[in-house]
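Q: Take any residue in the sequence shown, count from 1 to its spot, add 151: that is its number in my numbering. For every residue, glycine included, the Cβ atom is placed at its ideal position computed from N, Cα and C. After the structure tokens below, expect a handful of questions from me.
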Amino acid sequence: MKIVVSGTRPTGILHLGNYYGAVRNYVRLSKDSDVRGYFFIADYHSFTTHINPTELPMLVRQTICTYLASGLDPEKVIIYVQSDVPQIAELYLLLNMLAYKGELEKVATFKEKIKLHNENINAGLLTYPVLMAADILIHRAYMVPVGKDQEQHLEMTRDYAKRFNNRYDVDFFPEPIAYNFGEELVKVPGLDGSTKMSKTGGETNAIFLNEEPDMIRKKIMRAKTDSGPTEMNSKPSQEIQNLFELMQIVSAEDVVSHYKNAWDTCTIRYGDMKKQLAEDMVNYLSPFREKINALMQDTDYLGKIVRRGGEQARESAEKTVSEVRKIMGINYF
Ligand code: ADP
Ligand code: TRP
């Protein structure tokens, strides 16, 4: 069995970048009968930014709904909430002893986040990659479907796995790889000209999977453009490149090549391109919206899925942690 693990922080309904960069690959991998998939809601991770306790339950439910609406089948994969598996916290503590402060301070996501949240640079934020390594190693996973922004975290997970194996002279943890279906890791751009669609990028950056058609149209029509190409076959600006990349995801091939050609020959009209992109986006996302809206009504069903998932995840986690304890000598009487 190939063990696959991945997770998403409970920041509510996911956006197109989360789906296309990560969750789509969870679904594709889980269709392989050789795969045992563990997909979780990384609620511990969200506390690095002091999340509001009254909002958290809704955010967790919304994230589970997005998993299900994307096609994850709870009969085939294990869907659970991270904090339902306390063994993860134990492994995190033990792995922290193999994680060096200097290395953690150099992590790109840490450096970005301390710029954004200068008032709250907590130890949880610094050790975010260690908790993520614990999430993955707790099931001794081999494949981790994630977007490109998580590549460095995966590299650190491999470092901790190697360090543990070397220190205790065992071949216990596999060295997991970041996985995207046969292609390079993906980064879906934002609508505001930034290279990454992101939940924290604000309303003008991301399109959510349950977004209403009119809102999709509004956001796309407002997306940044430039004053247009002045030379044949020139390189598009970042904003225009982003629109092309989004088109590649949701539009038919001939539509994309029509607009590429219009760009190359300087005959492109951004208004038309955006209208087309908006309609294709509406069609692409409608099935997600419908499923999410239906699932959000059924809290009992969601609860049932994660309770069962939690049990299965704890069983696997307990096996790993009891082995780790033995290997480390935590085995006194
Ligand atoms: P965000 O960056 O919006 O806060 P998360 O960090 O919770 O989202 O990411 C959840 C998953 O979605 C991760 O595997 C991440 O790599 C992936 N992901 C997030 N944004 C993008 C994007 N713009 N393109 C591709 N993958 C993405
Ligand atoms: N760090 C990931 C993100 O920000 C979420 C995450 C936490 C994760 N633990 C994980 C992803 C383990 C894959 C495996 O998107």
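Considering only DSSP beta bridges, list what Thr159 is partnered with.
A: For Thr159, which the question treats as bridged, DSSP gives the partners Ile192.
Q: So what's Phe359 in DSSP terms, helix, strand or just coil?
A: If DSSP states are grouped into helix, strand and coil, Phe359 belongs with the strands.
Q: Just list the residues that DSSP pairs His166 with in beta bridges.
A: Paired residue(s): Phe359.
Q: Suppose the cutoff is 6 angstroms on Cβ atoms and the five residues either side in sequence are ignored; what does the same chain contact list for Pro364 look like?
A: Here the set comprises Val433.
Q: Say the cut is 7 angstroms; is the CB of Lys299 nearer than that to a heavy atom of ligand 1?
A: Yes, since a heavy atom of ligand 1 falls inside the 7 angstroms radius drawn around the Cβ of Lys299.
Q: Suppose you measure from the CA of Met372 to the CA of Leu255; what does that come to, to the nearest Å?
A: Cα to Cα, Met372 sits roughly 41 angstroms from Leu255.
Q: So does the stretch 284-299 actually touch the stretch 321-328, counting three or more Cβ pairs closer than 8 angstroms?
A: The answer is yes - the stretch 321-328 touches the stretch 284-299, with three or more Cβ pairs under 8 angstroms.
Q: By Cβ distance below 7 angstroms, which residues in the same chain neighbour Asn316 in space, the five residues on each side in sequence not counted?
A: Cβ within range, chain order: Asp322, Phe323, Phe324.
Q: Kindly indicate the opening and closing residues of the alpha helix (DSSP H) around Pro225.
A: That residue, Pro225, is in no alpha helix (DSSP H); it is neither H nor E in DSSP.
Q: On the three-state DSSP scale, how would you describe Lys350?
A: Helix at Lys350.
Q: The beta strand (DSSP E) with Val295 in it runs from where to where?
A: Looking at the DSSP string, the run of the beta strand (DSSP E) that includes Val295 is 294-296.
Q: Please report the residue range of the alpha helix (DSSP H) in which Ile289 lies.
A: Segment: none, Ile289 is in no alpha helix (DSSP H) and carries neither H nor E.
Q: With a threshold of 7 angstroms, establish whether the CB of Asn361 neighbours any heavy atom of ligand 1.
A: Not under cutoff, so the answer is no.
Q: Indicate whether Gly460 and Val339 have their beta-carbon atoms separated by less than 8 angstroms.
A: Result no, Cβ atoms of Gly460 and Val339 do not sit closer than 8 angstroms.
Q: Grouping DSSP H, G and I as helix and E and B as strand, with all else coil, what is Asp173?
A: According to the sequence shown, residue 173 is Ala rather than Asp. Ala173: helix per DSSP, three-state reduction.
Q: Who are the near neighbours of Ile239 in its chain, counting only those whose CB is closer than 7 angstroms to its CB and skipping five residues on each side?
A: Answer for Ile239: Gln233, Ala285, Asp286, Ile289, Ala468, listed in chain order.
Q: Just to confirm, are Leu282 and His196 a CB contact at a threshold of 8 angstroms?
A: Result yes, Cβ atoms of Leu282 and His196 sit closer than 8 angstroms.
Q: Taking Cβ positions, are Asp343 and Thr351 nearer each other than 8 angstroms?
A: No, the Cβ-Cβ distance between Asp343 and Thr351 is not below 8 angstroms.
Q: Candidates Leu394, Asn271, Lys257, Pro204: which alpha carbon is nearest Val407's?
A: The residue with the shortest Cα to Cα distance from Val407 is Leu394.
Q: When you measure from the CB of Ala173 to every non-hydrogen atom of ligand 1, does any distance come out below 7 angstroms?
A: The answer is yes for Ala173.
Q: Looking at Gln303 and Ala274, is the spacing between their C-beta atoms short of 8 angstroms?
A: Taking 8 angstroms as the Cβ cut-off, Ala274 and Gln303 do not qualify as a contacting pair.
Q: Exposed or buried, what is Met248 when buried is set at 16 or more other beta-carbons lying within 10 Å of its beta-carbon?
A: Exposed, since its Cβ has fewer than 16 Cβ neighbours within 10 Å.
Q: Could you check where the alpha helix (DSSP H) with Ala240 kicks off and where it finishes?
A: Residues 237-247.
Q: Would Tyr170 and Ser221 qualify as a contact pair, given that the criterion is a beta-carbon distance under 8 angstroms?
A: Cβ distance < 8 angstroms, so Tyr170 and Ser221 count as in contact.
Q: Quick one: is the Cβ of Gly168 within less than 7 angstroms of any heavy atom of ligand 1?
A: Yes - ligand 1 has a heavy atom lying nearer than 7 angstroms to the Cβ of Gly168.
Q: Along the chain, which unbroken stretches of the alpha helix (DSSP H) at least 4 residues long are found entirely within the stretch 358-387?
A: Segments of the alpha helix (DSSP H) lying fully in the stretch 358-387: 364-373.
Q: Count Cβ pairs between the stretch 211-225 and the stretch 440-447 that sit closer than 8 angstroms; are there 3 or more?
A: Yes: the two stretches touch, three or more of their Cβ pairs being nearer than 8 angstroms.
Q: With 16 as the cutoff for other CB atoms within 10 Å, does Lys370 come out buried or exposed?
A: With 16 or more other Cβ atoms within 10 Å, it is buried.
Q: Given the structure, does Thr416 come close to ligand 1, in the sense that its CB is under 7 angstroms from one of the ligand's heavy atoms?
A: No, the beta carbon of Thr416 sits no closer than 7 angstroms to any heavy atom of ligand 1.
Q: Indicate the three-state DSSP secondary structure (helix, strand or coil) for Tyr391 in the structure shown.
A: Tyr is not the amino acid found at residue 391; the sequence shown has Ile there. Residue state, collapsed to three classes: helix.
Q: With which residues is Ala329 paired in a DSSP beta bridge?
A: Answer is Val295, bridged to Ala329.
Q: Put Tyr279 into one of helix, strand or coil per three-state DSSP.
A: Tyr279 falls in the helix class under three-state DSSP.
Q: Is the beta carbon of Asn203 closer than 8 angstroms to that of Phe332?
A: Not closer than 8 angstroms, so no.
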